[in-house]
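Its first residue numbered 95, the sequence shown is counted upward by one per residue in this note's numbering.
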Amino acid sequence: MNPVIYRPDHNLSEINSLAELKDLTVRCARCALRDGCSRVVFGEGNPNARLMLIGEGPGADEDRLGRPFVGRAGQLLDKILEAISLERFAHTYIANVVKCRPPGNRAPRPEEAQACLPWLYRQIELVSPGIIVLLGNSALRNLVDPDTSITPMRGQWLVSKSGIKIMPTFHPSALLRDSGKKRPVWEDFQKVRDEFLRLAES
Numbered sequence: 095m096n097p098v099i100y101r102p103d104h105n106l107s108e109i110n111s112l113a114e115l116k117d118l119t120v121r122c123a124r125c126a127l128r129d130g131c132s133r134v135v136f137g138e139g140n141p142n143a144r145l146m147l148i149g150e151g152p153g154a155d156e157d158r159l160g161r162p163f164v165g166r167a168g169q170l171l172d173k174i175l176e177a178i179s180l181e182r183f184a185h186t187y188i189a190n191v192v193k194c195r196p197p198g199n200r201a202p203r204p205e206e207a208q209a210c211l212p213w214l215y216r217q218i219e220l221v222s223p224g225i226i227v228l229l230g231n232s233a234l235r236n237l238v239d240p241d242t243s244i245t246p247m248r249g250q251w252l253v254s255k256s257g258i259k260i261m262p263t264f265h266p267s268a269l270l271r272d273s274g275k276k277r278p279v280w281e282d283f284q285k286v287r288d289e290f291l292r293l294a295e296s
């Protein structure tokens, strides 16, 4: 994953709990997205999850409820997890690249993502998952390579410097627009399930 350097004025390395990190995040005003959103969507799930899912940013439903992946795409994600015998609150932790809704559900701009990524990276450090699934282009480009694209990269295991296995795949919203992407995502999540079971056994 791309390294995130904690600046002296925003050093999160001494934050030792997700609850403390959330308290700081909801007061964040490091980019203009905070001015146009209703709620900061921090993330949710099992704080000790082996599997972490990372999307792009909150949509309208997420902004209204303050929770990630609760709209149509989130409902589809729940079904995908159920199909591989995983439950989001028991087995996963879910977050996004940015924690405030971009206007009109557009993709976050690079400067917005850069302002928000230290929060996400500290979440990753605190959860310490064995597997991360990157959902869509924004997650892949902001965490791995800004010059890549999800289509050629999906389904391929990557490994972070700390040893986390990373699976890029299509965002659930892409499946709602193009049903032809459902089978590739199903294949990707079968790989995720197999790796999840391997970690559980070890």
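Quick reminder that beta carbons are idealized off the backbone N, C-alpha and C, glycines included.
Remember, it's a predicted structure, so these values are computed and weren't measured experimentally.
Alpha carbon of residue i to alpha carbon of residue j, nearest angstrom
i      : j      : result
THR119 : SER273 : 36 angstroms
GLN208 : GLN284 : 31 angstroms
ARG271 : ALA167 : 10 angstroms
THR245 : THR263 : 8 angstroms
ASP117 : ILE178 : 33 angstroms
ALA154 : ARG101 : 31 angstroms
VAL286 : GLY230 : 16 angstroms
TYR215 : ARG277 : 30 angstroms
ASP103 : ILE109 : 14 angstroms
GLY160 : HIS265 : 20 angstroms
ILE260 : GLN217 : 16 angstroms
GLY72  : LYS275 : With the chain covering only 95 through 296, there is no way to say anything about residue 72.
LYS173 : LYS193 : 23 angstroms
PRO240 : ARG203 : 12 angstroms
ASP129 : SER256 : 35 angstroms
ALA184 : GLU156 : 20 angstroms
GLY249 : ASN105 : 34 angstroms
CYS122 : GLU114 : 13 angstroms
LEU171 : TRP213 : 23 angstroms
TRP251 : ASP282 : 10 angstroms
GLY165 : ALA294 : 30 angstroms
ALA189 : LEU291 : 22 angstroms
Close-in-space but distant-in-sequence residues of the same chain around residue i (CB under 6 angstroms, 5 per side omitted)
i      : result
LEU220 : LEU112
ILE258 : ILE226
ALA201 : SER232
ASN236 : VAL191, ALA207
Per DSSP, the bridge partner or partners of residue i
i      : result
LEU228 : ILE148, PRO262
THR186 : LEU145
GLY139 : TYR187
LEU237 : BP columns for LEU237 are empty, so no partner.
VAL253 : LYS259
Cβ shell of residue i (< 8 angstroms), same chain only, five flanking positions each side left out
i      : result
THR186 : GLY139, ASN140, ALA143, LEU145, MET146, LEU147, LEU175, LEU180
LEU234 : LEU228, THR242, SER243, ILE244, MET247, PRO262
PRO223 : ALA143, ARG144, LEU145, MET146, TYR187, ILE258
VAL134 : THR119, VAL120, CYS122, ARG128, GLY160, LYS193, CYS194
ARG158 : SER132, ARG133
Run of the alpha helix (DSSP H) containing residue i, from where it starts to where it stops
i      : result
LYS116 : 112-119
ILE244 : 244-247
ARG158 : 154-159
ARG166 : 166-177
LYS276 : 276-295
VAL221 : 204-221
ASN106 : Residue identity differs from the one stated: residue 106 is Leu in this sequence, not Asn. Neither: LEU106 is in no alpha helix (DSSP H) and is coded neither H nor E.
ARG128 : 127-130
Assumed close pair residue i, residue j - CB separation to whole angstroms, cut-off 8 angstroms
i      : j      : result
GLU205 : CYS131 : Rounded, the Cβ-Cβ distance is 16 angstroms, inconsistent with contact.
CYS210 : VAL238 : Actually they do not touch by this definition, with Cβ atoms about 16 angstroms apart.
ARG182 : GLY151 : 18 angstroms between Cβ atoms; not a contact.
VAL279 : LEU269 : 6 angstroms
GLY149 : PHE163 : 7 angstroms
Min CB distance residue i to chain D below 8 angstroms
i      : result
ASN231 : The structure shown contains no chain D; it is built from a single protein chain.
Contacts around residue i, its chain only, beta-carbon distance under 7 angstroms, and the 5 residues preceding and following it disregarded
i      : result
GLU289 : ILE225, LYS259
SER267 : ALA167
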